[in-house]
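Here the structure is laid out as structure tokens; the discussion comes afterwards.
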Amino acid sequence: MRFLTRWLSQRSNHNDQTKPLSDGPDFEPIGNSRSIPSAITMEAAQVLESISVEAIPVPVPSSESQRLKPPAELVAPPAQPLAKTQAVIDAELVNSDAWWDDVEKGKVEWASQLFQLQEKVSTLQREGNAVFLMALSAYFDLPSLDHKSVLDESVFAQLQKKIEGLFDLREFQKIIDEKTRTRWNSYPRSVDYYMGEFVMQRSRYIQGANRFIGLIADNFSIVESHIEELSQAERDHNPQLGGLKLSAWRGFTRQFAKLHLIGIAPSDFFPEPTPRYLRDYRAEEMGVAGARFLWALMGAVRILSRPSAQNTSQIGIEFEKKLIEEISAAYPTARIEPTPATGDQGADVVLLVDGIKIVIQAKKYTGVVGNAAVQEVFAAKEYYEADYAMVVTNSRYTQSARTLAGKIGVELSAAQDYLRRIQQLLV
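Heads up, the sequence shown is in full-length UniProt numbering, so the first residue is 1 and it goes up one at a time.
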């Protein structure tokens with residue numbers, strides 16, 4: 001760039017020093033309209049006589065002049081301006097006001113997406129959703145966190161530090177500087193250009209993380225539906241469980257996550273038209289993160305499938321009591337029968353309103369509600385000869401649970417809207 005500036009400066013100086021002949025003080029225009037004076041010196045007359053007739057220009061009519069013009073193809077074309085190099089184009093671009101406005105917008109969007117991420121993490125913590133938080137922590141490779149520590153406020157600070165480390169501007173500068181020197185065919189732009197574009201685009205990663213949190217329940221359902229296949233592969237490959245090779249197990253988990261899990265690929269975090277080099281920037285880390293996430297979900301599915309993980313604790317009983325109180329307030333004339341803690345045949349509450357019987361299973365979970373709850377309340381409907389069966393939870397349902405419920409006619413409701421759904425069933 002310094003060479004180019006100096007070269008252009010030298011050319012400018014040279015042009016200033018080169019003047020046309022017409023600027024000389026002795027220049028006199030030829031062929032003007034003034035008449036020749038009558039008094040001509042002898043010396044001048046001799047000069048005139050020495051000029052041959054052929055040398056004297058003869059006026060030519062305009063029509064004849066047009067006919068005598070040389071062909072157009074013989075006329076030299078006007079000089080074309082030199083094309084700008086990529087370096088010059090980039091230098092002009094990265095020094096423009098519009099470019100820096102876009103850089104500032106990138107900084108603002110980065111902060112905005114971080115704030116949204118903080119809100120999503122805080123929501124999971126308020127809900128006590130330790131399972132999802134542990135899966136999230138596994139994906140981002142945060143320090144080992146148990147079901148209690150993931151509810152601490154420091155979790156988001158750790159997550160933010162991790163993300164900022166992945167997309168640190170100084171680290172990116174080192175990498176892009178090396179690539180523009182050694183792989184200039186793939187990276188033809190200037191370092192300043194790539195750094196500015198990096199600041200503009202990197203917020204897409206946090207935007208992808210926000211989408212990723214919303215898809216944890218769906219990914220849980222996917223793992224739950226493949227748990228037998230995954231468990232068998234783990235036994236075959238993981239040496240800790242009698243398998244032959246740990247690298248084979250790692251390869252299997254990465255491939256399974258890539259093919260089956262949603263929202264974890266680099267293209268999910270950096271969709272089109274994001275430049276490809278940004279999708280590739282942390283692609284390796286994302287592949288490993290997908291495998292860690294899969295492993296964490298496998299553990300969550302196994303924990304929640306155990307009877308001890310279900311809501312037989314005092315917390316679950318309090319949740320049932322809360323539902324009974326709310327139903328009693330909404331339907332004062334209804335007959336409400338809580339079932340025994342054991343031998344309830346899959347129902348926690350039996351509700352009879354205007355001759356319509358509804359069996360309800362209440363699930364106070366820190367994770368997601370799966371197929372087992374749907375199957376149990378369906379069996380309770382048959383046992384109590386009820387008209388409807390309903391599951392009510394403070395958490396979420398897996399996709400497979402929703403599919404099964406739709407096929408066998410079980411209502412799935414959230415703790416916030418189950419009363420409205422009961423009213424719809426009674427109409």
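Just so it is clear, CB atoms sit at the ideal spot from N, CA and C, and this is done for glycine as well.
Quantities reported herein were computed from a predicted structural model and do not represent experimental measurements.
With contact defined as three or more Cβ pairs closer than 8 Å, the segment 173 to 187 and the segment 255 to 268 are not in contact.
For arginine 202, the three-state secondary structure derived from DSSP is coil. Contact between valine 103 and glycine 196 holds: CB atoms are separated by about 5 Å, below the 8 Å threshold. If you draw a straight line from the Cα of glutamate 92 to the Cα of tyrosine 205, it comes to about 28 Å.
Within the same chain, no residue comes within 6 Å of aspartate 354 by CB-CB distance, once the 5 residues on both sides are set aside. When DSSP states are grouped into helix, strand and coil, proline 266 belongs to the helix group. By the Cβ test, the segment 130 to 149 is in contact with the segment 286 to 302, since at least three Cβ pairs between them sit closer than 8 Å.
Residue pairing of methionine 195 in beta bridges, as defined by DSSP: absent, with no partner found. If you ignore the 5 residues before and after tyrosine 397, its C-beta comes within less than 6 Å of the C-beta of Val369 and Leu412, all in its own chain and listed in chain order. Contact annotation, tyrosine 384 with alanine 347: C-beta distance approximately 6 Å; criterion of less than 8 Å satisfied. Counted as a single uninterrupted DSSP element, the beta strand (DSSP E) harbouring leucine 351 occupies residues 349 to 353. DSSP places lysine 84 outside any alpha helix (DSSP H), giving it a letter other than H or E. A residue is called buried when at least 16 other Cβ atoms come within 10 angstroms of its Cβ; tryptophan 110 meets this threshold and is buried. When rounded, the separation of the alpha-carbon atoms in glutamine 158 and phenylalanine 378 is 43 Å. Under the three-state reduction of DSSP, leucine 261 is assigned to coil, being neither helix nor strand. A straight line joining the alpha-carbon of alanine 135 with that of glycine 214 spans about 12 Å. Under a 10 Å Cβ-count criterion, lysine 161 is classified as exposed, with fewer than 16 other Cβ atoms of the shown protein chains found around its own Cβ. Per the coordinates, the alpha-carbon of alanine 283 lies some 23 Å from the alpha-carbon of serine 144.
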